[in-house]
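Chemist: I have a structure I would like to understand better, so I am pasting it below and will then ask my questions one at a time.
Protein chains in written order, with this note's numbering: chain Y, 87 to 416; chain D, 28 to 274.
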């Protein structure tokens with residue numbers, strides 16, 4: 087593995103990293119997913135060597151780098167605002183790491199041109215960073231980081247400052263760059279979209295703890311705990327006794343998508359709940375007659391109507407993902 | 028059109044101060060224009076030339092020394108939190124609130140003969156009262172440089188020194204330069220402390236006072252005019268150079 091982080095803890099301003107442990111494999115795109123304030127940036131800066139951890143060790147290719155200064159680590163860090171050097175042209179930005187390493191001029195030129203071609207920024211080399219668009223800045227930042235051929239690319243919310251269309255396009259392009267340039271990335275974000283479309287594996291970070299690590303599909307379909315489930319959007323958690331594909335909870339009988347037994351909890355995303363006046367004739371298997379209370383929050387477009395009509399409704403909801411395996415829970 | 032009377036009133040009030048600064052400068056030039064003979068005579072006075080040279084040299088030396096020590100200090104104040112930092116910050120501003128005669132007394136009591144009546148003494152007095160401008164400007168300049176820029180430069184392989192030289196220093200340069208110009212200007216306008224510490228070698232500021240006491244207004248005015256022209260001229264040119272580089 088390229089990077090191994092072992093038991094990192096750090097109190098830094100309002101952030102508290104607690105015993106963070108994970109590793110990143112060569113060629114992998116590892117995503118750390120968490121809400122803002124979870125301490126993701128602090129974790130990246132600890133790995134980059136900008137912030138010193140209170141405890142824990144960091145290994146790069148098996149070598150302990152915890153006590154090395156950032157310039158001796160061989161990691162390239164791209165902060166959320168990209169931090170392009172405003173006093174240098176795009177060319178000099180990309181060439182910076184190579185100049186520091188005293189690479190011969192001709193080779194610097196060749197390398198910069200090669201990278202900027204792949205990233206589609208060849209026409210920008212003479213410009214100053216402040217004249218670039220957000221998407222262009224991101225490409226320059228990536229070129230500058232990749233120029234030094236880092237063992238690992240540390241990306242802090244790389245798409246957060248882009249408008250929706252640019253974001254979508256650049257996420258797709260990043261997949262291509264990774265194929266063509268073959269880098270390993272540790273990428274922190276709060277966006278499920280980025281996690282799902284770019285991540286090989288994902289670690290969910292909540293309140294400074296890395297609470298679940300696994301392949302993206304697995305984490306999203308089998309959250310390991312109630313707090314992960316809530317963060318991933320399963321806002322309704324129902325607890326009950328399962329037997330085969332049947333869950334009995336509070337007098338309701340819910341059909342499960344998989345077999346389970348014992349006391350379990352299931353999570354239901356609000357967007358999976360369909361409200362209708364009449365029972366729906368569709369593939370939805372779990373349909374209930376229910377009363378919508380006036381103080382129910384966040385019913386989307388139905389909200390104002392339901393608030394007035396405290397009447398009888400039938401709601402139908404389908405359960406898309408089971409949460410826990412059998413036996414988990416209280 | 029809607030009239031913004033509040034703004035007009037404020038502009039009128041502000042104009043008072045502008046006029047108050049501009050008028051005496053204009054008047055001294057106008058008055059001198061009617062006495063060109065004395066001006067020419069003064070320009071040929073070797074004492075005057077010598078004194079002006081002393082003033083320019085000591086003020087420039089002061090600005091350079093302030094840069095040498097003030098820029099590193101400004102960087103530390105901008106980048107590092109340490110116990111007693113606010114005390115250091117406050118101390119930097121102290122020279123601005125101490126009467127300059129008191130500064131002279133303090134310096135003389137502390138360094139006595141080693142600065143008395145020497146170029147060292149002039150520079151010592153000037154540095155004490157004018158260094159805060161460079162320190163504060165450097166600190167503000169470095170504070171305005173995003174720390175992430177240095178962090179990124181370092182992950183790319185640059186040492187802290189290299190990151191400072193290639194990123195922070197060039198970016199903070201306009202602020203540091205205008206601080207140094209303020210230091211220079213404050214230094215060349217210093218009299219009080221110099222009078223006490225180093226009456227000799229004579230600086231133009233002290234000479235003006237001496238001529239005024241010995242020969243009256245008519246004799247001291249031409250030196251004043253020459254000093255104002257030089258100081259203002261250099262001040263304006265330097266500010267223009269920095270502003271142009273900044274744009």
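Beta carbons are placed, not taken as given, at the ideal position from N, Cα and C, and that holds for glycine.
Bear in mind that the values here come from a model prediction, so they are computed numbers and not experimental data.
Can you list the residues of chain D that residue 147 of chain Y reaches, using a CB-CB cut of under 7 Å?
Modeler: Within 7 Å Cβ-Cβ: nothing; residue 147 of chain Y doesn't reach chain D, min ~16 Å.
Chemist: What residues from chain D crowd round residue 182 of chain Y, counting only those whose CB sits closer than 8 Å?
Modeler: Within chain D, the residues near residue 182 of chain Y are 180, 183, 185 and 193.
Chemist: Roughly how many angstroms separate the alpha carbons of residue 130 of chain Y and residue 168 of chain Y, rounded to a whole number?
Modeler: Answer to the nearest angstrom: the Cα atoms are 14 Å apart.
Chemist: Using the Cβ count rule (16 or more neighbours within 10 Å means buried), how would you classify residue 340 of chain Y?
Modeler: By the neighbour-count rule (16 or more Cβ atoms within 10 Å), residue 340 of chain Y is buried.
Chemist: Cβ of residue 198 of chain D less than 8 Å from any chain Y Cβ?
Modeler: So, interface residue.
Chemist: With a CB to CB cut of under 6 Å and the five nearest residues on each side skipped, what residues in its chain are close to residue 288 of chain Y?
Modeler: The residues are 117, 119, 281, 302 and 305.
Chemist: Could you pull the DSSP bridge partners for residue 301 of chain Y from this structure?
Modeler: Its beta-bridge partners are Y:287.
Chemist: Check the Cβ-Cβ distances between residue 244 of chain Y and every residue of chain D, and say whether any is below 8 Å.
Modeler: Chain D, which has no Cβ nearer than 8 Å to the Cβ of residue 244 of chain Y, makes this no.
Chemist: Can you list, in chain order, the residues of the stretch 144-168 of chain Y whose Cβ is nearer than 9 Å to any Cβ on chain D?
Modeler: Cβ contacts with chain D come from 155, 156, 157, 158, 159, 160, 161, 162, 163, 164, 165, 166, 167 and 168.
Chemist: Got a sec? Which residues, its chain only, sit under 6 Å from residue 176 of chain Y by beta carbon, not counting five neighbours each side?
Modeler: Excluding sequence neighbours, residue 176 of chain Y sits near 210, 211, 213 and 226.
Chemist: Please work out which residues of its chain come closer than 6 Å, Cβ to Cβ, to residue 102 of chain Y, disregarding the five sequence neighbours upstream and downstream, and give them in chain order.
Modeler: The answer, listed in chain order, is 294.
Chemist: Buried or exposed for residue 334 of chain Y, going by 16 or more other Cβ atoms inside 10 Å?
Modeler: Burial call: exposed.
Chemist: Where residue 36 of chain D and residue 42 of chain D are concerned, what is the direct C-alpha to C-alpha distance, given to the nearest angstrom?
Modeler: Distance between the alpha carbons of residue 36 of chain D and residue 42 of chain D: 10 Å.
Chemist: What's the call for residue 242 of chain Y, buried or exposed, on a 16-neighbour Cβ count within 10 Å?
Modeler: Buried: at least 16 other Cβ atoms inside 10 Å.
Chemist: Got a sec: is the Cβ-Cβ distance from residue 175 of chain D to anything in chain Y below 8 Å?
Modeler: Closer than 8 Å to some Cβ of chain Y, the Cβ of residue 175 of chain D qualifies, so yes.
Chemist: Only counting the same chain, and skipping five residues up and downstream in sequence, which positions put a Cβ closer than 8 Å to that of residue 313 of chain Y?
Modeler: The residues are 292 and 297.
Chemist: Does the beta carbon of residue 215 of chain Y come closer than 8 Å to any beta carbon on chain D?
Modeler: False, the Cβ-Cβ gap to chain D never drops below 8 Å.
Chemist: Looking at the unbroken alpha helix (DSSP H) that takes in residue 269 of chain Y, where does it start and where does it end?
Modeler: Premise fails: residue 269 of chain Y is in no alpha helix (DSSP H) and is neither H nor E.
Chemist: Taking C-beta to C-beta, are residue 88 of chain Y and residue 106 of chain Y nearer than 8 Å?
Modeler: Taking 8 Å as the Cβ cut-off, residue 88 of chain Y and residue 106 of chain Y do not qualify as a contacting pair.
Chemist: Could you check how far apart the C-beta atoms of residue 161 of chain D and residue 85 of chain D are, in whole angstroms? I think they sit under 8 Å.
Modeler: Their Cβ separation, rounded to whole angstroms, is 16 Å, which puts residue 161 of chain D and residue 85 of chain D out of contact at 8 Å.
Chemist: What are the residues that DSSP puts in a beta bridge with residue 241 of chain Y?
Modeler: According to DSSP, which records beta bridges pairwise, residue 241 of chain Y is partnered with Y:164 and Y:273.
Chemist: What is the C-beta distance between residue 219 of chain D and residue 131 of chain D, in whole angstroms, given that I count them as a contact (C-beta under 8 Å)?
Modeler: About 6 Å; that satisfies the 8 Å criterion.
Chemist: Going by the CB atoms, is the gap between residue 179 of chain D and residue 165 of chain Y shorter than 8 Å?
Modeler: Their beta carbons are under 8 Å apart, which means residue 165 of chain Y touches residue 179 of chain D by this criterion.
Chemist: Check the Cβ-Cβ distances between residue 189 of chain D and every residue of chain Y, and say whether any is below 8 Å.
Modeler: True, the Cβ-Cβ gap to chain Y drops below 8 Å.
Chemist: Taking C-beta to C-beta, are residue 29 of chain Y and residue 182 of chain D nearer than 8 Å?
Modeler: Outside the shown range of chain Y, which is 87 to 416, sits residue 29 of chain Y, and nothing can be said about it.
Chemist: With 8 Å as the threshold, decide whether the Cβ of residue 388 of chain Y is near any Cβ in chain D.
Modeler: Confidence at residue 388 of chain Y is low in this model, with a pLDDT of 45, below 50, so its placement is unreliable and the value that follows should be read with caution. For residue 388 of chain Y, the answer is no, since every Cβ of chain D falls outside 8 Å of its Cβ.
Chemist: Quick check: what's the CA-CA separation for residue 179 of chain Y versus residue 264 of chain D?
Modeler: Cα to Cα, residue 179 of chain Y sits roughly 32 Å from residue 264 of chain D.
Chemist: Could one say the Cβ of residue 359 of chain Y lies closer than 8 Å to chain D's Cβ atoms, at least one of them?
Modeler: Cβ-Cβ to chain D under 8 Å: no for residue 359 of chain Y.
Chemist: Three-state secondary structure (DSSP) at residue 197 of chain Y?
Modeler: Three-state DSSP puts residue 197 of chain Y in a helix.
Chemist: Within 8 Å, do at least three Cβ pairs link the stretch 200-207 of chain D to the stretch 147-165 of chain D?
Modeler: Counting Cβ pairs under 8 Å, three or more are found: they touch.
Chemist: Below 8 Å between beta carbons: does that hold for residue 149 of chain D and residue 221 of chain D?
Modeler: It is a contact, given that the beta carbons lie within the stated cut-off.
Chemist: If contact means a Cβ-Cβ distance below 9 Å, which residues of the stretch 111-137 of chain Y contact chain D?
Modeler: Going along the stretch 111-137 of chain Y in chain order, one finds 131, 134, 135 and 136 with a Cβ nearer than 9 Å to chain D.
Chemist: Using the Cα positions of residue 230 of chain D and residue 79 of chain D, report the straight-line distance between them to the nearest angstrom.
Modeler: Roughly 6 Å between the two C-alpha positions.
Chemist: Cβ of residue 187 of chain Y less than 8 Å from any chain D Cβ?
Modeler: So, interface residue.
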